[in-house]
Structures are given as structure tokens and as C-alpha cells.
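Chains as they are written, first to last, in my numbering: chain G, 510 to 776; chain H, 510 to 776.
Even for Gly, the Cβ is constructed at its ideal location relative to N, Cα and C.
Here's the structure, in C-alpha cells; my notes come after.
Number of protein chains: 2
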Amino acid sequence: MDKENKMGVPAHVHAVPPSDRAPLFAVTNVGSHTASHCITLCETCVLRGLCLPAGLNQNEVERLDTIVNRKRSLKRGDYLHRAGGELQSLYAIRTGFLKTCMLHDDGREQVAGFHMMGELVGMDAIGSGKHVSDAIALEDSELCEIPFAEFEQLSHDLPALQQHFHRIMSREITRDHGVMLLLGSMRAEERLAVFLLNLSKRFAARGYSATQFNLRMTREEIGSYLGLKLETVSRAFSHFQNQGVINVQNKSIEIKDLGRLGELINR
Amino acid sequence: MDKENKMGVPAHVHAVPPSDRAPLFAVTNVGSHTASHCITLCETCVLRGLCLPAGLNQNEVERLDTIVNRKRSLKRGDYLHRAGGELQSLYAIRTGFLKTCMLHDDGREQVAGFHMMGELVGMDAIGSGKHVSDAIALEDSELCEIPFAEFEQLSHDLPALQQHFHRIMSREITRDHGVMLLLGSMRAEERLAVFLLNLSKRFAARGYSATQFNLRMTREEIGSYLGLKLETVSRAFSHFQNQGVINVQNKSIEIKDLGRLGELINR
DNA sequence: CGCAACGTTGAAATTCCTCAATTCACGTGG
DNA sequence: CCACGTGAATTGAGGAATTTCAACGTTGCG
Numbered sequence: 510m511d512k513e514n515k516m517g518v519p520a521h522v523h524a525v526p527p528s529d530r531a532p533l534f535a536v537t538n539v540g541s542h543t544a545s546h547c548i549t550l551c552e553t554c555v556l557r558g559l560c561l562p563a564g565l566n567q568n569e570v571e572r573l574d575t576i577v578n579r580k581r582s583l584k585r586g587d588y589l590h591r592a593g594g595e596l597q598s599l600y601a602i603r604t605g606f607l608k609t610c611m612l613h614d615d616g617r618e619q620v621a622g623f624h625m626m627g628e629l630v631g632m633d634a635i636g637s638g639k640h641v642s643d644a645i646a647l648e649d650s651e652l653c654e655i656p657f658a659e660f661e662q663l664s665h666d667l668p669a670l671q672q673h674f675h676r677i678m679s680r681e682i683t684r685d686h687g688v689m690l691l692l693g694s695m696r697a698e699e700r701l702a703v704f705l706l707n708l709s710k711r712f713a714a715r716g717y718s719a720t721q722f723n724l725r726m727t728r729e730e731i732g733s734y735l736g737l738k739l740e741t742v743s744r745a746f747s748h749f750q751n752q753g754v755i756n757v758q759n760k761s762i763e764i765k766d767l768g769r770l771g772e773l774i775n776r
Numbered sequence: 510m511d512k513e514n515k516m517g518v519p520a521h522v523h524a525v526p527p528s529d530r531a532p533l534f535a536v537t538n539v540g541s542h543t544a545s546h547c548i549t550l551c552e553t554c555v556l557r558g559l560c561l562p563a564g565l566n567q568n569e570v571e572r573l574d575t576i577v578n579r580k581r582s583l584k585r586g587d588y589l590h591r592a593g594g595e596l597q598s599l600y601a602i603r604t605g606f607l608k609t610c611m612l613h614d615d616g617r618e619q620v621a622g623f624h625m626m627g628e629l630v631g632m633d634a635i636g637s638g639k640h641v642s643d644a645i646a647l648e649d650s651e652l653c654e655i656p657f658a659e660f661e662q663l664s665h666d667l668p669a670l671q672q673h674f675h676r677i678m679s680r681e682i683t684r685d686h687g688v689m690l691l692l693g694s695m696r697a698e699e700r701l702a703v704f705l706l707n708l709s710k711r712f713a714a715r716g717y718s719a720t721q722f723n724l725r726m727t728r729e730e731i732g733s734y735l736g737l738k739l740e741t742v743s744r745a746f747s748h749f750q751n752q753g754v755i756n757v758q759n760k761s762i763e764i765k766d767l768g769r770l771g772e773l774i775n776r
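Following this line, the structure appears as C-alpha cells:
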């Protein structure tokens, strides 16, 4: 096991390319600060810098730890919540990968987002008190449950937490605006390039390779997220590969030229 | 002047169809509770039920009133804020109509939203402290300025305000998800139908006619918001008119059959 | 081993965009 | 008050991008 790292996310540690079904973690102390049977505290979690505790001091994190329930774990395909269900808790992803889906009255369904470790899920339910989307695990995942009522109470006591929570929600808004821009004004290959670069950036921020990773979602799910049909996604992947910009083999992606992938975005 | 109405929004009062350049207001006590030279307080504002004070008690609204600055007014075309500018304040729209625009590195611009009275603008800037979008008045508008630092302080003192603010941000997220669904999975005419029905609903919620209103934005701006070209928007309007679902004349819209417009959305 | 889900590829069909011409609405200045 | 100019809107024809339909290959799981 790697030595414990208290500095939050080790930005320059690059993981070996994850093999197809192998777990994702570059850092091995997610989940425990002493031994694997221990429940991790936010206090010692590697994701601390990315997650809810970011910017809190020692004492504040300890108080946050008192309300967080770390027991929730999901198998691939499990629902974390369903549209229409009551909001009980927000969830921070400790390990794994989720998607959220909205579904329209007429049955049309669309992936609203893909979520990875350190990210917070469930904020869309605050407005009405009910979830507006389904959240489904794309691989076995572990989650920290944050009971919302207690969280609001606590964030009242801890201004720093409240501010950070506002920032997280606001970032969710700007993220959505980015997707709107993508859906409204980009062509198929541009969309896919944006998607790949976004994944790359998020993996890198968690200490994984920015250029080699495994997709957790199908072509159809990618297409749904990007407003494209699965065949279009597949063709775009093939085209990128023929251009030598990436290597794709099923779910395994290698970005061979990050710069050129970025250039593809500007028409 | 109409008699003062303390019940928030008069949902069943329908306005005369606004003439082309006439002001929008169905309710005449927006802006004053005694005489027109007086500055309105949230306490007496007709929009109270839709805006930030919703759900606050008398005392809480009075405290909110102490930090709100009601002086900001914009002429058509004026910027409320620009992308990159520091977040100073959030703004509640008292009268008028705004659009927010994001612009991509390569110059592509997209309308992110249209905003009308009672709505809050500026939340996208909380994440980074800088505005991510431009906000531009589509007609002469008056705004309530809410200095953000003071607001966060106050919402710390008033849990009800904090909760309501969370709800407002969350609703912004679900609104954006709705737009993503629209952009990702609907065809041109469906998008326009959704757009018209959404406007209709929002006008109705403010006491105006759900079936007759004036657009404040150009075909190009509608298209930008919906991910379509202006010609496509124009053709869709014409098609709806030929079907007898709406009447369009330039900016003036009459929805002749709300039900049928709704049916157009399900393929 | 075989089935089922996933992925790739091709050809035809559709939707939307681009380009272009024309009309309309509105504000300005003669 | 009218003429004019400008920006906005409508409409048509042709073309480009994406979807649809279909066939086939691959992967992984029971």
C-alpha cells in the first residue's frame, strides 16, 4: 500500500492505466487511515480537497464527520435514488462512478451527468424536496451519505461550510451551462472531444493519468449525454482513432495527442 | 392605480395583451406601496411570493430589506454584468426582461437563459467569484441589488432565507437540466413548443395572460437559446401558425390552442 | 457454449443549416 | 410627414450533418 498522503489530491501521481475491470484508485488510502477495516473520516480522506470538506479547518471537518454516514455502497446497476423519491440525503462519491438520468413524460430518457469520486450528488432535489432524476451506479461504488436536514443545520453553524456548499451548487450550474453550450452549438466530434477532455481533466485532478483511462459508460450513454445517437459516437471515436488522436478499444481510451484533441473543438 | 394586493402574485388576474412597446405589468403596485416616488420594499412588493422573500416571515423580510439596494435600473441593451467581472451582487428583477449569454473561447456565443420579474440573476458567479456570463437587458429594466457578502451573512442569521436560497439555486439546476433534455433530445419544433409553453407558464404565474404575450427577444436569440438557427425558428413559427396552433406577428404571440401546443412535444 | 448486450460500419433518409433574395418594421433625418 | 436606411423576419433551394435502418462482429457472462 502507498504511504498515507495528507496533502489532499496528489496531482502529479499518475496511476498505471486501469485495466478493464480493475478498480480505479490511484491512491490506496481512500477508505481507511489506519487499516482497511476502519471507516474513513473526512478528516483523513484523500478526497478531502475536492469534496465537501474543502477549505474547512480541522475543527470544522471534525464536526462534519459527526453527521456523515459512510455505510452506503452500491453494486453496478443499483439505484442510489429514483426520480420522485423524497430527498433524504446528499451523497458524496468515495469510490466508483455514477450517472444521473432525467426522464421526460413521453419516455425519452437522457443522461444528465456522470459523477466520479469526490463529487456530490443529489443537489437537484433541494428545490422541490423530491429527486428529479435517477442516480445509477455504473460500477460498484461507495458513498458517503450526508443527511440533508442535519447538513443544513450544520452549514448554518459553519459559515465556511455554507460558503463552500454555495460554491459547489454554483459550479453545478456553470457545469450545466457548459453542457448547454455544447449541446446547443457544437457538432458531433466537437462534443465528443469536449467530453473526453473533461474526463481527462477530472481524472488528472484525482491523481490518475490524464491520457489513459477506462470509460465506465456505454456508447449509448455517452450519446445520450451528448445529444447524439450511439452510432454517431462510435463513428466519431473511429474517426479520432484514424486521425491518430486517440486509441480506443472498447472502453479503454488512450489520448495520444491532448493538444490536437483540444484543437478539434474550434471547428 | 390598483388596490394594493398583499397576497403575493394575483394568479387569476389576466392582463390585457401588452401592446408592442408598452410596459409589461399587470399589477401596478410593483415599485411602490404608497406612491410612485417611494422605493418599494420587499415587504410590500407584489413579487414577494416568487422572489427571494418567499416563505419568510414579516420580521425576516424586514431584515432582508435592510440589505437590498433598489436603485439599479437598465436601459435596453445595457449590461448588468459581463463575463469575467467580479461577483459583487446578485440581482432580483423587479421589472423588465434580461438574457444571460455565455461565450465560448472561439467566439461562439449562446443565450443561457431569459429572465423575467421575480427571478434572481448572478448565481453562476458564486462558484468562482467571477461572472461566467454576460447579462444584458432586453428591455428597460429595474433591479434589486443584493450585495452578496451581506446576503451570505444574513442568510446565516436567517435559516429560512438560507433554505430558500438553496431551493432557488437547486431550481436553477433543474431548470438547466430541462434545457439539456430539450437540447439533447428534441427536434426543432418540439424545442420551440417547449419554449413557448415555458414562457406562457411564467407569464401566467405573474398574473399575465398565458396565451397572449410579446416576445422580448429576436428570432436569433431564441434560436441561440434553443440550439437552432434563426431561420429554423422562423419556419417553425410559420408552421405552427399554419396549423392554427398560434398566431404570430413579429414579437406578438397568441397561443390559440395550448393543448395542441403541448401535444407537439411528444413527437 | 451460447445468448445477450455492446460496438462497428455502410447506405438511405431526414432534419437542419447555409446561402440568397425579398419583405417588413421602425427610427432618423430631411 | 415622407423617404430612407438598417436590422429583423420570412421564404425558397440546395447541401451538409446526423439519424435511421440494417447487417455483422465482439465481448462477457451464465
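Coarse secondary structure for Tyr-734 of chain G, derived from DSSP in three states: By one-based count along the first sequence, residue 734 of chain G stands at place 225. DSSP places Tyr-734 of chain G in helix when its eight states are reduced to three.
Closer than 7 Å at the beta carbon, the chain G residues around Val-681 of chain H: As a position in the second sequence, residue 681 of chain H is number 172, starting the count at 1. For the record, residue 681 of chain H in the displayed sequence is Glu; it is not Val. The answer, in chain order, is Ile-682.
Start-end ranges of the alpha helix (DSSP H) lying completely within the segment 683–760 of chain G, minimum 4 residues: 697–714, 728–735, 739–751
Stretch-stretch touch, CB-based, cutoff 8 Å, three pairs: the segment 626–639 of chain G with the segment 557–565 of chain G: Output reads yes: the segment 557–565 of chain G touches the segment 626–639 of chain G.
Helix, strand or coil at Cys-610 of chain H [DSSP, three-state]: As a first step, residue 610 of chain H is located in the second sequence; it is residue number 101 there, counting from the start. In the structure shown, Cys-610 of chain H sits in a strand (DSSP, three-state: E or B).
Residue nearest to Phe-660 of chain H in terms of C-alpha spacing, selected from H:Ser-761, H:Glu-552, H:Asp-574, H:Glu-763: Taking the second sequence and counting its residues from 1, the one referred to as residue 660 of chain H is at position 151. Selected option, being the one with the closest Cα: H:Asp-574.
Thr-575 of chain H - containing alpha helix (DSSP H), residue span: Taking the second sequence and counting its residues from 1, one reaches residue 575 of chain H at position 66. 567–576 is the span of the alpha helix (DSSP H), which, as asked, contains Thr-575 of chain H.
First and last residue of the uninterrupted beta strand (DSSP E) at Gln-619 of chain G: Translated into positions along the first sequence, residue 619 of chain G becomes position 110. 618–625 is the span of the beta strand (DSSP E), which, as asked, contains Gln-619 of chain G.
Extent of the continuous alpha helix (DSSP H) run through Arg-769 of chain G: As a first step, residue 769 of chain G is located in the first sequence; it is residue number 260 there, counting from the start. First-last of the alpha helix (DSSP H) with Arg-769 of chain G: 767–772.
Neighbourhood of Asp-587 of chain H by C-beta distance below 6 Å, restricted to the same chain and skipping five residues each side: Numbered from its first residue, the second sequence carries residue 587 of chain H at position 78. If the five residues before and after Asp-587 of chain H are omitted, its C-beta is found closer than 6 Å to the C-beta atoms of Ala-646, all from its own chain and listed in chain order.
Cβ pair count under 8 Å reaching 3, the segment 633–643 of chain G against the segment 576–584 of chain G: no
Any chain H beta carbon closer than 9 Å to Ser-642 of chain G: Numbered from 1 along the first sequence, position 133 holds the residue referred to as residue 642 of chain G. Yes, contact with chain H.
Val-555 of chain H in three-state terms, based on DSSP: Position 46 of the second sequence, counted from the start, is the residue given in the question as residue 555 of chain H. Note: Val-555 of chain H maps to helix in three-state DSSP.
Assumed close pair Val-754 of chain H, Lys-765 of chain H - CB separation to whole angstroms, cut-off 8 Å: Locating residue 754 of chain H in the second sequence gives position 245, counting from the first residue. Locating residue 765 of chain H in the second sequence gives position 256, counting from the first residue. At roughly 6 Å, the Cβ-Cβ gap stays under 8 Å, so Val-754 of chain H and Lys-765 of chain H are in contact.
Distance CB(Ser-743 of chain H)-CB(Arg-728 of chain H) smaller than 9 Å: Reading the second sequence from its first residue, position 234 is the one you call residue 743 of chain H. Reading the second sequence from its first residue, position 219 is the one you call residue 728 of chain H. Contact: yes.
Selection of the segment 688–699 of chain H by Cβ proximity to chain G, strictly under 7 Å: Val-688, Met-689, Leu-690, Leu-692, Gly-693, Ser-694
Residue-level contact to chain H via CB, Asn-568 of chain G, 9 Å cutoff: Residue 568 of chain G sits at position 59 when you count from the first residue of the first sequence. For Asn-568 of chain G, no Cβ of chain H is located within less than 9 Å of the residue's own Cβ.
7 Å Cβ cut-off: residues of chain H touching Arg-505 of chain G: Any answer about residue 505 of chain G is impossible in this case: the structure gives chain G only from 510 up to 776.
Alpha carbon of Thr-549 of chain H to alpha carbon of Cys-610 of chain H, nearest angstrom: The residue you call residue 549 of chain H lines up with position 40 of the second sequence. The residue you call residue 610 of chain H lines up with position 101 of the second sequence. Going from the Cα of Thr-549 of chain H to the Cα of Cys-610 of chain H covers about 29 Å.
Contact set for Phe-657 of chain G: own chain, Cβ-Cβ below 7 Å, skip 5 residues either direction: Numbered from its first residue, the first sequence carries residue 657 of chain G at position 148. For Phe-657 of chain G, same chain residues with a beta-carbon under 7 Å away, outside a window of 5 residues either side, are Leu-596, Gln-597, Ser-598, Leu-599 in chain order.
Contacts that Ile-635 of chain G makes with chain H (C-beta to C-beta distance below 7 Å): Position 126 of the first sequence, counted from the first residue, corresponds to residue 635 of chain G. What Ile-635 of chain G touches in chain H: His-675, Arg-676, Ser-679.
Within chain H, partners of Leu-661 of chain G - CB distance below 8 Å: Position 152 of the first sequence, counted from the first residue, corresponds to residue 661 of chain G. The question names Leu, but residue 661 of chain G in the sequence shown is Glu. By Cβ distance, chain H contributes Pro-668, Gln-671, Gln-672, His-675.
Residue burial classification, Arg-591 of chain G (beta-carbon count within 10 angstroms, cutoff 16): Reading the first sequence from its first residue, position 82 is the one you call residue 591 of chain G. By the neighbour-count rule (16 or more Cβ atoms within 10 Å), Arg-591 of chain G is not buried but exposed.
Minimum Cβ-Cβ distance from Ile-774 of chain H to chain G less than 9 Å: By 1-based counting over the second sequence, the position of residue 774 of chain H is 265. With 9 Å as the cut-off, Ile-774 of chain H counts as an interface residue toward chain G.
Ser-747 of chain H versus Ala-714 of chain H - alpha carbon distance: Counting from one through the second sequence, the residue named residue 747 of chain H turns up at place 238. Counting from one through the second sequence, the residue named residue 714 of chain H turns up at place 205. One C-alpha to the other measures close to 27 Å.
Residues in the segment 592–607 of chain G having any Cβ partner in chain H nearer than 8 Å: none
Glu-654 of chain G, DSSP secondary structure in three states: Numbered from 1 along the first sequence, position 145 holds the residue referred to as residue 654 of chain G. Strand, per DSSP.
Neighbour list for Gly-736 of chain H in chain G, Cβ cutoff strictly below 9 Å: Here residue 736 of chain H corresponds to residue number 227 of the second sequence, with the count starting at 1. Going along chain G in sequence order, the residues near Gly-736 of chain H (Cβ under 9 Å) are Met-689, Leu-692, Gly-693, Ser-694, Gly-736.
Beta carbon proximity, Met-726 of chain H to chain G, threshold 9 Å: Within the second sequence, residue 726 of chain H is the residue found at index 217, counting from 1. So no, Met-726 of chain H is outside the interface.
Which residues DSSP lists as bridging Ser-598 of chain H, in chain order: In the second sequence, residue 598 of chain H corresponds to position 89, counting from 1. Beta-bridge analysis with DSSP links Ser-598 of chain H to H:Pro-656.
is_contact[Ala-621 of chain H, chain G] using C-beta, thresh 9 Å: Within the second sequence, residue 621 of chain H is the residue found at index 112, counting from 1. By this cut-off, Ala-621 of chain H is an interface position.
Candidates H:His-686, H:Asp-633, H:Leu-612, H:Arg-680, of which the one nearest Ser-733 of chain H by Cα: In the second sequence, residue 733 of chain H corresponds to position 224, counting from 1. Comparing Cα positions, the closest option is H:Leu-612.
Distance CB(Leu-773 of chain H)-CB(Glu-698 of chain H) smaller than 9 Å: On the second sequence, residue 773 of chain H is found 264 positions in, with the first residue counted as 1. On the second sequence, residue 698 of chain H is found 189 positions in, with the first residue counted as 1. The answer is yes: Cβ separation under 9 Å.
Arg-761 of chain G to Gln-721 of chain G span [Cα, whole Å]: Working through the first sequence from its first residue, we reach residue 761 of chain G at position 252. Working through the first sequence from its first residue, we reach residue 721 of chain G at position 212. First, the amino acid is wrong: residue 761 of chain G is Ser here, not Arg. Whole-angstrom Cα-Cα distance: 8 Å.
Beta carbon of Gln-671 of chain G nearer than 9 Å to that of Gly-564 of chain G: For the purposes of this step, residue 671 of chain G is identified with residue 162 of the first sequence, where counting begins at 1. For the purposes of this step, residue 564 of chain G is identified with residue 55 of the first sequence, where counting begins at 1. No, the pair does not count as a contact, with Cβ atoms beyond the cut-off.
Any chain G beta carbon closer than 9 Å to Asp-685 of chain H: To locate residue 685 of chain H, count along the second sequence from 1; it is residue 176. With a threshold of 9 Å between beta carbons, Asp-685 of chain H makes contact with chain G.
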